[in-house]
Each structure stands twice: as C-alpha cells, then as structure tokens.
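Report on the structure given below.
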Amino acid sequence: MASNGSPAQKNRHFLQSLRHAVQGFGSAFKTERNLRFDVFASIVVVIIGLVVQVTRRDWLWLVLAMTSVIAAELANTVVEALVRLHVGPNFDPDPQIGRLLNMAAGFVLVIGIGAALIGVLVFWPYLIGGK
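Residues in the sequence shown are numbered from 1202 upward in steps of one, following our numbering.
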C-alpha cells in the first residue's frame, strides 16, 4: 500500500524510483538511531581519511566498508518493520520470529566487525607514521 492508502504502483521511470529510494532512506534515518550513528561514523571516517590523505585504493576499502554497514542496517530495519507488520502492536514475537530478528542483527554485527577491521587496517599505517 502506498502512504495514501492506495495500492503501491510500479515506478514509471528511474527518477521516480530514485525519489522513492531517497524517501525510504530518509524515513529510516528519521526513525532508526543505529542508522544515524552509522551515517555519523561514516562522516567521521571520511574526515579522518581526508586529514591523513588516504590513497585511492584505501578509499575504495573505506567506501565499501561504510556502504556495507549502512546497507546492512537498512536491511535489518526492513526485517524489523516486516515483523512489526506481521506481529502487530503487541510485540511479543514467538521464538521463531525472535530468532529471525536475532539473525538480522547478527548480519549487521558481522558487517560492522568487518568494517571496523578494514578501518584499522587502512588507518593504522597513517596513524603510526608508516605511510
């Protein structure tokens, strides 16, 4: 369903699709604290990268890490929203739904750990004077 109560229609062109995607991200950004933290952390990473002047190859790794974390958080948000739609306002999920939510959170955790390791591997030489 669209926000106005009518059935959702397929996007007619790329710009409409892009607008819907931006609206979806904005909606998640407004409501999801962890997503706001991830965006803030990404901004900090970009600032540090600019200050220490990381190489183009290092930027590739950093961008991959930042976008992976944000995408994982968005995917987790979608899973949580679908569960809320299924369960309703009385959020007391059965063990199978709780397990699904935990797996979605675990997905974000694994991506986050990988991103942190990439950050350490990229920034360590710059911060200890090796580059």
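Glycine included, C-beta positions come from ideal geometry on N, C-alpha and C. For clarity, every value in this text was computed on a predicted model and none was experimentally measured.
Measure the Cβ-Cβ separation of residue i and residue j and say whether it is below 8 Å.
i            : j            : result
residue 1273 : residue 1309 : yes
residue 1277 : residue 1242 : no
residue 1271 : residue 1284 : no
Using 8 Å for Cβ pairs, my map puts residue i next to residue j. What's the rounded Cβ distance?
i            : j            : result
residue 1319 : residue 1262 : 5 Å
residue 1230 : residue 1237 : 6 Å
For the alpha helix (DSSP H) that residue i lies in, which residues bound it at each end?
i            : result
residue 1281 : 1257–1288
residue 1319 : 1296–1328
residue 1237 : 1234–1253
Buried or exposed: where does residue i fall if 16 or more other Cβ atoms within 10 Å of its Cβ makes it buried?
i            : result
residue 1250 : buried
residue 1234 : exposed
residue 1222 : exposed
residue 1317 : exposed
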